[in-house]
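*Asks:*
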Amino acid sequence: MKITFSESLFPVVLVASLLTVATPVVQPKLTTTAVPSAEPSRQHSVVVGDDSSRLYLPDDLEATLWAESPMFYNPTNMDIDARGRVWVTEAVNYRKFNNKADQRLNHPEGERVIILEDTNGDGKADASKVFVTDPDLVSPLGIAVIGNKVIVSCAPSLVVYTDENGDDKPDRKEVLLTGFGGLDHDHALHALVAGPDGKYYFNTGNAGPHVVTDKDGWTLRSGSLYVGGTPYNKINHGNQISDDGRVWVGGLAMRINPDGSGLKVMGHNFRNNYETALDSYGNMWQNDNDDQVVACRTSWLMEGGNAGYFSSDGTRYWQGDQRPDQSIQTAHWHQDDPGVMPVGDITGAGSPTGVVVYEGDELGPAYRGMLLSAEAGRNVIFSYKPDVWGAGYRLPRTDFISTFPKVDENYKWNDKTSDTRKWFRPSDIAVGTDGALYIADWYDPVVGGHQMQDQQGYGRIYRITPRGRRLRAPRLDLRTTQGQIAALLSPAVNVRMLGFEALKQQGDDVIEPVKALLSSGNPYHRARAIFMMAHLGSEGQFEVERLLKAADAPMRIAAIRALRSITPENSRSNPGLTTSQRALLPLLGNLSLDPSAAVRREVAIAIRDVPYTDCRFILLNLVKGYDGQDRYYLHALGIAAGGKEEALFADLRPTLPPDPTQWDQRVASLVWELHPASAVPLLKKRAEAQTLTADARRQAITALGFINDRSAALTMVELIKSPEKDVADQARYWTGFRRGNDWASLLNWDEVMPVKLSADEQKMLAKRQILLDEYKSDAEKRKVAMEMARTAAGGQILVGLAADKKLPDNLRTYVADAILKNPDQSVRTMAKEYFSRRSAPKPAAPAETASAASSVASAPSASPASSESITQIAMLTGDARSGLTVFKNNCSTCHRYKQQGNDVGPELTQIHQKFDKNALLDAIVNPSAGIAFGYEPWLITTKKGQTYYGFLVSDGQQSVVVKGVTGQKHTVPTDQVYSRRQYKTSLMPDPKAMGLSNQQLADLTAFLLKQ
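The numbering of the sequence shown is my numbering, which starts it at -12 and goes up by one.
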C-alpha cells in the first residue's frame, strides 16, 4: 500500500528554555498497593457444580458450569471462534519427565485441541469434538482461532492448522515460527492474539535461548543465564545480538505479520509473562511470575520496555545485582536501575496465567474496559480498571471471581490440601461472541513446580453472564459489509480479525460505514475504527491524520499507533529512514508539545530508531515536557534517546545550571536515565557535595555505575577514598561489582584494586602444588593433604582437586574422615560428593560450554526423611521464642528474617506465604529435594587452583560471579575458569548434620510461620 501523509508545520523549540518550563503533569510516586476502585464490590456466591462448588462474584453477575471433563481434560488455554464455540488446548501429558504416565491420565498419541459447543442455546456445552491430536504437541500453552486457521503455541514452534473445507479437521499443518526455547516448560511460548492493527501479538517466557528467523530472514537471538526447569533446558546465555542490533533477554512480548514476516520485539526481560492482552487502543497488558519472593505483577507494557527481571544483558540474576540495603521486591524487578519500566501492580505470591480486556457492553457499563488476570495460585480472577497516570497507568486491583469469599494472600504452591476450593486453578479467561466470560479451570491441588496431583486430568469451564439475562452468540455473515462491521465490533478478540481482513479487502468502498463508528457510544469501537481506517487507502489515512487533533487524548494515541502500523520502520542496525517515516516525522513533531504526557510518550517511542539529526527538535521538545516525577515518561525518554544520549546531553548542557549541585530533581533524574559519559565529572561533583541529600548523592553514584566508560570506572575508584563513609562504601560496592561485568576490560583491576589472598589461602595454594608435584613422595603428599583437610581453605581446594579428577583415589580415601569433619560446613557439604571410605563417586560427564569444562554432579546423600517423620514433627507444639534462638544459632548465617541474618540463601520473612507447616518442614528436613530457583550450588575452580562454591549469580563474557555461603561475591574472570559444575545437593545441611532435635525443628517452624 502506498502511504502518504499530509503536509504539516514543524514546531520550533527555544533550546535555552528546555529545562525551565515543563508541562504541568503532576504524578505521585509509584505505589504497588491495591487501590479501591469504582467496580462493583458486593459479592454473592453461586453453586456451580454437582460437588457443591461455589464461585464468589459480583452480585449482578451469575456463573454456570458450562463444560467439564470428560468433554476435555487439563485445559491450558482457550479461544472462541466466530460461531461462539470454545476451543481448548489440553496438557494431559504435562511435564512427562516429572509426572509419569502410570500416575496420571495419559494420551500416548499426543496432546489434543478440542472444540466445545452449546448447540441448543441453553447456556451449557453439549457437544465436544477433537480437532487434532498431534504427537508434536507437548504441553501446548496457547491457542488462537482466526477464521479457518488455528494457531497453537507449543515450544519450539507456533503451529498453524488450516481447516480448508470446514469439517473441523485440519487439512494443512504449517510452522509459522520456530526456534523458541522451553520444550515442555511453563516458561515458554504462550497464546497469540490479533491486535487492532491487524498484526499478531504473542509472548514467551525466559526458558531460552530463542533463536527465531521470520519469513523475511530477520533473526531474533535472545537468551539469559537461566537454565533448568526441564531436562531440555540445559544451555542458554545472555548478551546475544538480534538482527535489529539490540540485545533482548528473558521473557519477550513480540509482534508479527499474519504471513510470518516482520517479527518485532515489543518488550523484554520478563520472567514468565504468561499471556499478552491488547485492548483496542493498542495497549499491551501482561502479568508475570516471580522467583517465589512474593513479587508477582500485573503491568502495562510500554513498547520497547525493559521489564527488569535479569540484568539488561541477561548475564546476571537479580540476586547478582541486588545492592546493599535494597529490598527484595525492588531488586527482583531492578526498579532502582535506569532503563527499566515501572513494575505496575505487585500482586504478591502466586501463579498468574491468562489475561484479557473486556470491551463489550453485554455485562454492563461497569465492566467495560476491565482488565482481567487469572491467578491460578491464589484461586482468583483479579480485575483492574486502569487509570491514566501521567504517561502510564495506575492499576487498582479487585478480587473479581474466586472460590473464596476472601482471597488468601498466603499462597503456597505445594500446599497439597484436601480443601477443593483451593483446587480452582484458572488457567485462562476469554470473552465469547455472546459477550459472556469463559474461565478455564485446570483444577488441581497444586500449581507450579512442574507438578500436578490430579490423576484424572479433570478440568472445567465456567461461563459468567449478567444475572437474570440470557446471552446468545450472534450469527455473523462475513459476505456483507454489515456482517464484517459486526465482526469488527465483536467482544471476542480474535473474531474481530475476520471483520478487519474483510473490510481491508474492500478498501475505500467502506470508508463511510467504518467512519460512522467514530460516533459509537463504546470508546473501544471508536478505537477499532481508527486502526481500520488506516488500512483503507489514502482517504482512510487522511481521516486518521485528522484525528491526531482530536480532543480526546486516547483517540490521538490510537491515531499515532494506527499510522505507525502502516509505516515501514528502520532499526538500530539499519538506521536509514524509510520514505513513510520521513512523511510521519512532521506529524510527530506537532505532537511533541501535546498537553498529554501519554501522547508525548507515544511520540518518544516512535522515534526510538530515528537518527538524532532527524529527530533532534522532537526529542528536545519531549525533554521539555518532563515534570521530574513521572517514571513512565522518563522511561519513554530513555527509549527515545537510546544510542543518542551523548548528542542529546550536548544540546542540553548549555541550558543547565553550570554547577551540577544546583540541578533540580528534574535534571538530576534525566541525567540518571541518560547517564552519558560526558556527565561523569558533573556526577562526581554531585556525589561529593555535602549540601545535597543522601538520596541525591546516591542517585549520582548509581548513574556513574551505569556508565560503561573508563572515566566512570576511574571516578568510582577515586570515590572510594572519600572521607564520607557512605559515599566510600557505595563506591566500593560499585567497583567490586562492575569489575566483574561491564567494567571488566576498562581498567587493569589487578593493578588498580588487586584481590588480596589471605595468608591461609596462599599457604594452601602452595600446598596444592605439592600434591600436584610428581616428584614428591606419597608420604609427604599424605601429610600435606591431611593438613589441608583440617582447614576451611585447604578443604575447599581438596574438593576442587577431587572434582577436577586431580586428586588420586588413595589420597581421597586417606583424608576422607578428616575432611568430612572440616570446621567449615560448606566444605563438609561439598566433601560428601567426592570423599568416602567406601567409594569415591564420580561426577557426571562434563556438559559442553563455551569456555570451560562443566558438569552436573549429584552424589549419594542421606535418604530423605519420610512423610511420617515430618508428620510426627508437625504434631509437636512449637515455641516461637525458642525457634528464634534456633534461627539465630543455625540459620542466620545464610538466611534473613526481617532485620536478622544475612542475604545468602532465600529470604525467610514471608516464608509463611509460600509454605504451610508440613511443606516448610519438608524443605528443612530434605533441603536437596526442592532447591529454590536461583539457589542451585555451583563449584568453580580456577587455573590457579582456587575453588569457589556457592550460587552462580552472574555468567557473562567477562567473568562469572559466585556468591559464597558467607554472602561474599567471588568474581572470576572467564578466561581464568578451569572447570565449573552445578550440583543437585543443597548448600543447606540437613538437621541431622546440624544436630537439631525434632522439638527444635518444631520451634523453628513455629517462629518462621508466625505472622
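For every residue, glycine included, the Cβ atom is placed at its ideal position computed from N, Cα and C.
(1) Note down the Cα distance separating Y970 from V714, rounded to an integer number of angstroms.
(2) Which whole-angstrom value is the C-beta distance of L785 and A772, which I expect to be below 8 Å?
(3) Three or more C-beta pairs under 8 Å: does that hold for the stretch 443 to 456 against the stretch 501 to 514?
(4) Have a look at the DSSP bridge pairing and note the partners of P924.
(5) Determine contact between the stretch 864 to 879 and the stretch 986 to 998, defined as no fewer than three beta-carbon pairs at a distance below 8 Å.
(6) What did DSSP end up calling G307 once you bin it into helix, strand or coil?
(7) Less than 7 Å between C-beta atoms, sequence neighbours within five positions excluded: which residues of the same chain meet that for T722?
(8) In chain order, what residues of the same chain have a beta carbon less than 6 Å from the beta carbon of D266, not counting five sequence neighbours either side?
(9) Out of L580, L974 and T958, state which residue places its alpha-carbon closest to the alpha-carbon of L878.
(10) Which value, in whole angstroms, describes the spacing of the CA atoms of L1032 and P432?
(11) With distances taken between CB atoms, is the gap from I547 to A479 smaller than 8 Å?
(12) Helix, strand or coil for N293? Go by DSSP, reduced to three states.
(13) Going by DSSP in three states, N223 sits in which element: helix, strand or coil?
(14) Under 8 Å, with one C-beta from each stretch per pair, do the stretch 388 to 395 and the stretch 323 to 342 reach the 3-pair mark?
(15) Which residues in the same chain as T678 place their Cβ atom closer than 8 Å to its Cβ, once the five residues preceding and following it in sequence are excluded?
(16) Among A790, R673, V610 and Q616, which residue has its Cα nearest to the Cα of T642?
(17) Three or more C-beta pairs closer than 8 Å, one from the stretch 223 to 232 and one from the stretch 253 to 264: is that the case here?
(18) If I measure Cβ to Cβ from W287 and keep anything under 8 Å in the same chain, skipping five residues before and after, which residues do I get?
(19) Checking 8 Å against the spacing of the C-beta atoms, do A294 and R483 come in under that value?
(20) Does the beta-carbon of Y762 have 16 or more other beta-carbons within 10 angstroms, so that it is buried, or is it exposed?
(21) Which two residues bound the contiguous beta strand (DSSP E) that contains D121?
(22) Report buried or exposed for E589, applying the criterion of at least 16 other Cβ atoms within 10 angstroms of its Cβ.
(23) In chain order, what residues of the same chain have a beta carbon less than 6 Å from the beta carbon of T958, not counting five sequence neighbours either side?
(24) Here's a check: name, in chain order, each residue in its chain whose Cβ is nearer than 7 Å to the Cβ of A540, leaving out the five neighbours to either side.
(25) State the start and end residues of the unbroken beta strand (DSSP E) segment that holds T467.
(26) Taking the Cβ atom as the reference point for each residue, do L239 and D201 lie within a distance shorter than 8 Å?
(27) Should the stretch 57 to 77 be called in touch with the stretch 93 to 113, which here means at least 3 C-beta pairs below 8 Å?
(28) Which residue from L179, Q471 and Q686 puts its Cα closest to that of V137?
(29) Would you kindly work out how many angstroms separate the C-alpha atoms of E748 and V597, rounded to a whole number?
(30) With a 10 Å radius around its C-beta and 16 neighbouring C-beta atoms as the bar for buried, classify A846 as buried or exposed.
(31) Tell me, to the nearest whole angstrom, how far the beta carbon of G377 is from that of D173; I am working on the premise that it is less than 8 Å.
(32) The alpha helix (DSSP H) that contains D601, what's its start and end?
(33) Would you call the stretch 924 to 943 in contact with the stretch 302 to 311, where contact means no fewer than 3 C-beta pairs closer than 8 Å?
(34) Pick from G153, A746, G185 and K931: whose alpha carbon is nearest that of G486?
(35) Go ahead and pull the three-state DSSP assignment for F529.
(36) Give me the residue from T263, I898 and R457 with the minimum Cα distance to G129.
*Replies:* From the atom records:
(1) 38 Å
(2) 7 Å
(3) no
(4) F938
(5) yes
(6) helix
(7) M703, V704, I707 and M740
(8) V344
(9) Residue 878 is actually Cys in this sequence, not Leu. Ranking the options by Cα distance to C878, first place goes to L974.
(10) This structure leaves residue 1032 out entirely; the chain is present only between -12 and 998.
(11) no
(12) strand
(13) coil
(14) no
(15) T648
(16) V610
(17) no
(18) N270, M271, W272, G331, P373, G379, Y380 and L382
(19) no
(20) exposed
(21) A114 to D121
(22) buried
(23) G727, S946 and V948
(24) S583, A585 and V586
(25) Counting along the chain, T467 falls outside any beta strand (DSSP E), and DSSP gives it neither H nor E.
(26) no
(27) yes
(28) L179
(29) 54 Å
(30) Any reading at A846 needs caution, since the residue's pLDDT is 41, under 50, leaving its predicted position unreliable; the model's value is listed next. With 16 or more Cβ atoms within 10 Å of its Cβ, A846 is classed as buried.
(31) That belief does not hold up - the Cβ atoms of G377 and D173 are roughly 34 Å apart, past 8 Å.
(32) Y599 to K611
(33) yes
(34) G185
(35) helix
(36) T263
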